[in-house]
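Numbering (full-length UniProt numbering), first residue to last: 1 to 341. Notes for the one structure printed next.
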């Protein structure tokens, strides 16, 4: 009996390179001619909708499949062992490392920016009275995350309002969009949000000092104020003076790449909120992130191999890890598959 396992070293990203290992575990000595592995990456979409036939309303399902990757690979190192043992694969665990460049046009992959362009929001008090504006932006080294990873944001803030910013709250938010078909009419979508991790940071008054009414009136007439504020935020981001680190991403967090339907979508965002005094609005912004699941490949110590098998492997040429062999599993409405023979 022969069992197969596939390990990927990092999440799958459109236009990137997928690295991983194929583990072939022979439970016992097995007769074989050669081992041929077929790697397939497919996008599969299934759409269901109601169809009227007069007396009855039936559900009709349409399926569409698009092949993204198809590679047939002979595992030369294992096949040499089989040939050297006269058609017998010795019982042991074999590894085959692979790399594959993924297409840049993988469907349903969202390119997430690492820098949030500075944005300006009004601060409002009771009766919707304007208290001025706050300009802010953020930078992060990684917006494609895996469970257990910590997120660090570099923030830049220019406070042109009468309100004092007491603290900054940074939250990793999970958003679930549920769509309900309405008898052929446009779908009604309901949004459900859940806070996964929260980090609160006290703010120095000198960093976000509020301004008086006279200053605000003078700056309101300045046509270049917005551009200067954007420049100040950019300088703060490059200096790294205000870093916020969130707790690790929960182990069960993941985007909805495993769903093949538009009825349910799971996404994640980092919500940055500037907390002001009571009865004053809290300006802020959201930075989109993606959460992928991945497992690191584990190595096997060659010294643990049986002597005869270790000698057979030592005679093999170095495995060419540039051979493009892998599975591409796009996000949302996509699945990957393997076929062995």
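Even glycine gets a Cβ: it sits at the ideal position worked out from N, Cα and C. Just so it is clear, the structure is predicted and the values come from calculations on it, not from any experiment.
Could you tell me how far apart the beta carbons of residue i and residue j are, in whole angstroms, since I believe they sit closer than 8 Å?
i	j	result
residue 76	residue 174	The Cβ separation is near 45 Å, so there is no contact.
residue 199	residue 178	With 8 Å as the limit, residue 199 and residue 178 do not qualify as a contact, their Cβ atoms being about 28 Å apart.
residue 274	residue 168	6 Å
residue 135	residue 120	5 Å
residue 192	residue 253	15 Å between Cβ atoms; not a contact.
residue 176	residue 266	5 Å
residue 196	residue 272	Contact doesn't hold; Cβ gap of about 15 Å is too wide.
residue 98	residue 35	About 14 Å separates the two Cβ atoms, so there is no contact after all.
residue 132	residue 123	6 Å
residue 149	residue 289	Rounded, the Cβ-Cβ distance is 10 Å, inconsistent with contact.
residue 26	residue 90	7 Å
residue 87	residue 31	6 Å
Per the DSSP calculation, residue i is bridged to which residue(s)?
i	result
residue 19	99
residue 4	24
residue 94	24
residue 81	Answer by DSSP bridge pairing: none, since residue 81 is not bridged.
residue 251	Beta-bridge pairing links residue 251 to no other residue.
residue 277	Answer is none; residue 277 lacks a bridge partner.
residue 285	272
residue 191	177
residue 265	177
residue 290	144
residue 31	88
residue 243	154
residue 233	None, per the DSSP bridge assignment.
Which residue wins for smallest C-alpha separation from residue i, given the options the options?
i	options	result
residue 20	30, 5, 32	5
residue 16	144, 95, 231, 163	144
residue 80	93, 101, 33	33
residue 287	172, 266, 196	172
residue 166	39, 283, 40, 35	283
residue 96	86, 24, 228	24
residue 92	277, 29, 228	29
Can you tell me whether residue i is buried or exposed? The criterion is at least 16 other CB atoms within 10 Å of its CB, across all chains shown.
i	result
residue 245	exposed
residue 236	buried
residue 3	exposed
residue 279	exposed
residue 8	buried
residue 159	buried
residue 162	buried
residue 314	Any answer about residue 314 is weak, because its pLDDT of 43 lies below 50 and its placement is not dependable; what the coordinates show is given next. Classification of residue 314: exposed, given that the 10 Å Cβ count is below 16.
residue 141	exposed
For chain D, find out if any of its Cβ atoms is closer than 8 Å to the Cβ of residue i; answer yes or no.
i	result
residue 247	Structure shown: chain D not included; a single protein chain is present.
* Could you give the uninterrupted runs of the beta strand (DSSP E) lying entirely in the region 114-184, keeping only those of 3 residues or more? -> 115-124, 130-139, 152-161, 167-182
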